[in-house]
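Asks: The sequence shown begins at 7 in the numbering used here and counts up by one.
One structure, pasted below without further comment.
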Amino acid sequence: MLKQSKQNDNHVQPLSQTGKLPTSKLPPKAAKKRETDTLDLGAMRPWRIALNIKQVDMQLIFDLSGQVLLGRRDPENNLLPNIDLSPFRAEELGVSRGHLTMSLEGNTVVVIDNHSMNATHLNGRFCEPGQPYTLRHGDELMLGMMTIQVELLVNPLEQ
Numbered sequence: 007m008l009k010q011s012k013q014n015d016n017h018v019q020p021l022s023q024t025g026k027l028p029t030s031k032l033p034p035k036a037a038k039k040r041e042t043d044t045l046d047l048g049a050m051r052p053w054r055i056a057l058n059i060k061q062v063d064m065q066l067i068f069d070l071s072g073q074v075l076l077g078r079r080d081p082e083n084n085l086l087p088n089i090d091l092s093p094f095r096a097e098e099l100g101v102s103r104g105h106l107t108m109s110l111e112g113n114t115v116v117v118i119d120n121h122s123m124n125a126t127h128l129n130g131r132f133c134e135p136g137q138p139y140t141l142r143h144g145d146e147l148m149l150g151m152m153t154i155q156v157e158l159l160v161n162p163l164e165q
């Protein structure tokens with residue numbers, strides 16, 4: 007079983023067990039305080055993204071507020087991507103160590119293939135290495151032979 011990182015709000019769970027995002031209720035005192043807090047319009051909420059990894063029937067949920075590296079760990083060279091796909095048969099499926107960068111470009115989520123050995127495809131189309139491609143809800147990424155369906159769960163602009 008994978009452990010939840012304490013540094014970020016990432017979750018890994020079987021697709022068959024997904025449904026609602028985890029929620030928690032605030033104690034009445036905290037809820038009352040929150041109503042009177044000042045809203046900082048300059049601080050945008052992160053995007054919440056789910057990656058549904060088809061070959062292993064798993065879902066990975068994370069918040070994106072800058073950029074993340076997706077790939078597989080390489081302990082010999084001390085490379086540990088932000089989203090480590092190693093537990094999901096990444097090496098067997100041809101995922102490179104630093105395969106893909108996912109980041110924000112203005113108000114959109116983009117992916118960039120990092121000159122991976124086995125290429126990246128977005129909705130069946132080859133992604134030129136180093137070029138940004140806009141990611142939309144429901145898109146399908148292929149990292150090597152790993153098939154990932156993307157869900158954009160929370161768009162901070164719609165909040």
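Beta carbons: idealized from backbone N, C-alpha and C, even for Gly.
1. Taking glycine 100 as the reference, which of Asn113, His127, Val116 and Val117 has the closest Cα?
2. Look at the alpha carbon of threonine 107 and the alpha carbon of glutamine 73, and state the distance between them as a whole number of angstroms.
3. Are the segment 79-98 and the segment 129-137 touching by the rule of at least three beta carbon pairs closer than 8 Å?
4. Skipping 5 residues on each side, what residues in its chain have a beta carbon closer than 6 Å to that of glutamine 124?
5. Taking the alpha-carbon positions, what's the aspartate 69 to asparagine 161 distance?
6. For aspartate 80, which residues does DSSP report across the bridge?
7. With which residues is serine 109 paired in a DSSP beta bridge?
8. Please work out which residues of its chain come closer than 6 Å, Cβ to Cβ, to leucine 159, disregarding the five sequence neighbours upstream and downstream, and give them in chain order.
9. Applying the 10 Å Cβ sphere with the 16-neighbour rule, what's the burial state of histidine 105?
10. Apply the 10 Å Cβ neighbour rule to valine 156 and answer buried if 16 or more other Cβ atoms are within range, or exposed otherwise.
11. Just how far apart, CA to CA, sit glycine 130 and glutamate 164?
12. Mind checking who proline 135 pairs with in its DSSP beta bridge?
13. Starting from the C-beta of threonine 153, find all residues in its chain whose C-beta is less than 7 Å away, skip the five residues before and the five after it, and write them out in chain order.
Replies: Result, derived from the coordinates:
1. Comparing Cα positions, the closest option is His127.
2. About 7 Å.
3. no
4. Here the sequence assigns asparagine to residue 124, which means glutamine is not the residue at that position. Here the set comprises Gly100 and Gly150.
5. 11 Å
6. Leu85
7. According to DSSP, which records beta bridges pairwise, serine 109 is partnered with Gln73 and Val116.
8. Arg54 and Ala56
9. buried
10. buried
11. 29 Å
12. In DSSP, proline 135 forms no bridge with anything.
13. Close CB contacts of threonine 153 within its chain, under the 7 Å cut and outside five residues either way in sequence, are with Lys60, Gln61 and Glu146 (chain order).
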